[in-house]
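Participant: Using the numbering used here, read the sequence shown as starting at 316 and increasing by one per residue. For glycine and all other residues, C-beta sits at the position ideal for the given N, C-alpha and C. All figures in this text were calculated on a predicted structure; none of them were measured in a lab. There's a structure below that I have some questions on.
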Amino acid sequence: MATTATPEYGWWAGNSRFALQSGKWLSAHIAQYALITFWAGGITLFELARYNPDVSMGEQGLILIPHLATLGWGIGSGGQVVDTYPYFVIGVIHLVASAVFGAGALYHALKGPEDLSQSDFEFAKNFHFEWDDAAKLGNILGHHLLTLGYAALLFVIWLRFHGVYDSTIGEVRVVTNPGATILSVLFEYGWFTPDHNPYFVNNLEDLASGHAYIAVVLLAGGFWHINQAPFPWAQRLLASLFSPEGLLSASLAGLSMLGFAAAYFSAVNTLAYPVEFFGPPLELKFSVAPYFVDTIDLPNGAHTARAWLCNVHFFLAFFVLQGHLWHALRALGFDFKRIPQALGSLSGEA
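So, in structure tokens, the structure goes:
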């Protein structure tokens, strides 16, 4: 397989030192999980400490508690919070999980082998990779897809046996047959069928069927990539991805795309983001850049949870997209250090 040029990294590109050390690479990933779960646990407890039951949840600047409420935790008729104890438990569980992940990150950073092929555990050796070994990279991709597929499936199971808040009736309810409308999801959403814009999905049955479909696709893709190396034509077509810069650029592209989708979905959808918990849908405006604003007046320049959620996703997605373009060009061999040299030579000729 053809390989792309490997760019040189400055001292500030800290993660570059892990590019050829699969064990340290794993440590960095686990540390990221630790930071994410620590943030989730800490912010949940912070929001719980300042939660005011006399003020609409969407007007209190909350982010995580509204999501927990949407999942049916501690919610009664009409979206009223009847029990905040589940929020406390979930926050603590995330903090404990962050400690466990942190310990795992420290182990792999300080005690574990730098190269997973030298691990004492045979299973761990499966996750050692080389950038020119497409089969190994495909195997790791497959396990990532399985994780995402299991998460989507877990949400479907949650809908079936616990239920989530249904804003159309103001109650927490289960979806007794999560795949009942899967044909509608497959053949109507995304095909310009009237009343079937995926961003405006308005019933839990379609939401459940969509997640069931995505779960099947992700799980099938995961098993495929674990057992089947990328075809030669795919390796040639995507040769730039088989490098640290290429993989990073592809990951950032995916994050950016999902961030833009999440921004618009959270701005306009009232089923997955009920008005009771996030505030009313937003209005799109344009200035130096597009942005979303509240459609209700709040005191002291406050914003709804929906406004925070949407705009943060939009601007993070925008800057992540710039990171994708930067690393994609470097993966293709473009040297940004030559730009000043080229400009200098042009000015010299002038």
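With DSSP as the reference, identify every bridge partner of valine 396, one or two as the case may be.
Facilitator: DSSP, once it has assigned bridges, lists Ile390 as partnering valine 396.
Participant: For asparagine 367, I'd like the list of residues in its chain whose CB is within less than 8 angstroms of its CB, leaving aside the five on either flank, ordered along the chain.
Facilitator: Excluding positions up to five away in sequence, the list reads Gln375.
Participant: With the cut-off set at 9 angstroms, would you say alanine 406 and threonine 359 are in Cβ contact?
Facilitator: Checking the sequence shown, residue 406 turns out to be glycine, not alanine. Yes, Cβ-Cβ distance for glycine 406 and threonine 359 is below 9 angstroms.
Participant: Between which residues of its own chain and aspartate 669 is the CB-CB distance below 7 angstroms, once the five residues before and five after are set aside?
Facilitator: As displayed, the chain neither begins before 316 nor continues past 665, which places residue 669 out of reach and without an answer.
Participant: Can you give the Cα-Cα distance for isoleucine 345 and alanine 418, rounded to whole angstroms?
Facilitator: Computed Cα separation, rounded: 9 angstroms.
Participant: Specify, as a first and last residue, the run of the beta strand (DSSP E) that arginine 488 falls within.
Facilitator: Run containing arginine 488: 486-488, per the beta strand (DSSP E) assignment.
Participant: Give the range of the alpha helix (DSSP H) segment to which lysine 339 is assigned.
Facilitator: Looking at the DSSP string, the run of the alpha helix (DSSP H) that includes lysine 339 is 337-365.
Participant: Output the distance between the C-alpha atoms of threonine 319 and glutamine 656, rounded to the nearest integer angstrom.
Facilitator: Note that threonine 319 scores a pLDDT of 45, beneath 50, so its modelled location is shaky; the value from the coordinates is reported in the next line. The alpha-carbon atoms of threonine 319 and glutamine 656 are separated by roughly 23 angstroms.
Participant: By DSSP's criteria, tyrosine 606 is part of a beta bridge. Which residues make up the other side?
Facilitator: DSSP lists Lys600 as partners of tyrosine 606.
Participant: Who are aspartate 481's beta bridge partners in DSSP?
Facilitator: In the DSSP output, where bridge partners are listed per residue, aspartate 481 has Glu486.
Participant: Check each candidate in Gly338, Gly648, His477, Leu379 and name the one with the smallest Cα separation from threonine 619.
Facilitator: Minimum Cα distance to threonine 619 is reached at Leu379.
Participant: Take the Cβ of histidine 477 as the centre, count every other Cβ of all protein chains shown within 10 Å, and call the residue buried at 16 or more, exposed below.
Facilitator: Exposed.
Participant: Asparagine 615: buried (16+ other C-beta within 10 angstroms of its C-beta) or exposed?
Facilitator: Under this definition asparagine 615 is an exposed residue.
Participant: Assign histidine 458 to one of two classes, buried (16 or more other C-beta atoms within 10 Å of its C-beta) or exposed (fewer than that).
Facilitator: Histidine 458 comes out exposed.
Participant: Can you grab the Cα-Cα spacing for the pair asparagine 584 / phenylalanine 444, in whole Å?
Facilitator: Whole-angstrom Cα-Cα distance: 41 angstroms.
Participant: Among His382, Gln550, Leu456, which has the Cα closest to the Cα of alanine 535?
Facilitator: Comparing Cα-Cα distances from alanine 535 to each of His382, Gln550, Leu456, the minimum goes to Leu456.
Participant: Can alanine 530 and leucine 573 be called in contact, C-beta distance under 9 angstroms?
Facilitator: No.
Participant: Going by C-alpha to C-alpha distance, which of Pro595, Thr483, Asn626, Cys625 sits closest to leucine 613?
Facilitator: Comparing Cα positions, the closest option is Pro595.
Participant: Roughly how many angstroms separate the alpha carbons of alanine 587 and glycine 659, rounded to a whole number?
Facilitator: Straight-line Cα distance between these residues: approximately 53 angstroms.
Participant: At 3 residues or longer, and completely inside the segment 405-489: list those beta strand (DSSP E) runs for me, N to C.
Facilitator: With a minimum length of 3 residues, the continuous beta strand (DSSP E) runs that stay inside the segment 405-489 are 479-481, 486-488.
Participant: Could you give the distance in angstroms between the alpha-carbon of alanine 565 and the alpha-carbon of glutamine 637?
Facilitator: In a straight line, the C-alpha of alanine 565 is about 12 angstroms away from that of glutamine 637.
Participant: List the endpoints of the continuous alpha helix (DSSP H) containing asparagine 626.
Facilitator: Unbroken alpha helix (DSSP H) run through asparagine 626: 620-646.
Participant: From Ala328, Gly427, Gly373, pick the residue whose C-alpha is nearest to that of leucine 341; which is it?
Facilitator: Among Ala328, Gly427, Gly373, the Cα nearest to that of leucine 341 belongs to Gly427.
Participant: Quick one, are the C-beta atoms of glycine 494 and alanine 527 less than 9 angstroms apart?
Facilitator: Cβ distance < 9 angstroms, so glycine 494 and alanine 527 count as in contact.
Participant: Using the Cα positions of valine 479 and leucine 452, report the straight-line distance between them to the nearest angstrom.
Facilitator: Going from the Cα of valine 479 to the Cα of leucine 452 covers about 37 angstroms.
Participant: What number of angstroms, rounded off, separates the C-alpha of serine 482 from the C-alpha of alanine 414?
Facilitator: The alpha-carbon atoms of serine 482 and alanine 414 are separated by roughly 36 angstroms.
Participant: Whole-angstrom Cβ separation of phenylalanine 546 and alanine 632, contact assumed at under 8 angstroms?
Facilitator: Wrong, their Cβ atoms sit about 31 angstroms apart, outside the cutoff.
Participant: Please report the residue range of the alpha helix (DSSP H) in which isoleucine 541 lies.
Facilitator: Looking at the DSSP string, the run of the alpha helix (DSSP H) that includes isoleucine 541 is 519-542.
Participant: Where does threonine 385 fall in DSSP's three states?
Facilitator: Of the three classes helix, strand and coil, the one that applies to threonine 385 here is helix, per DSSP.
Participant: Threonine 610 and glutamate 591 look like a contact to me (Cβ under 8 angstroms); what is the Cβ gap, rounded to whole Å?
Facilitator: With a Cβ gap of about 15 angstroms, threonine 610 and glutamate 591 do not count as contacting.
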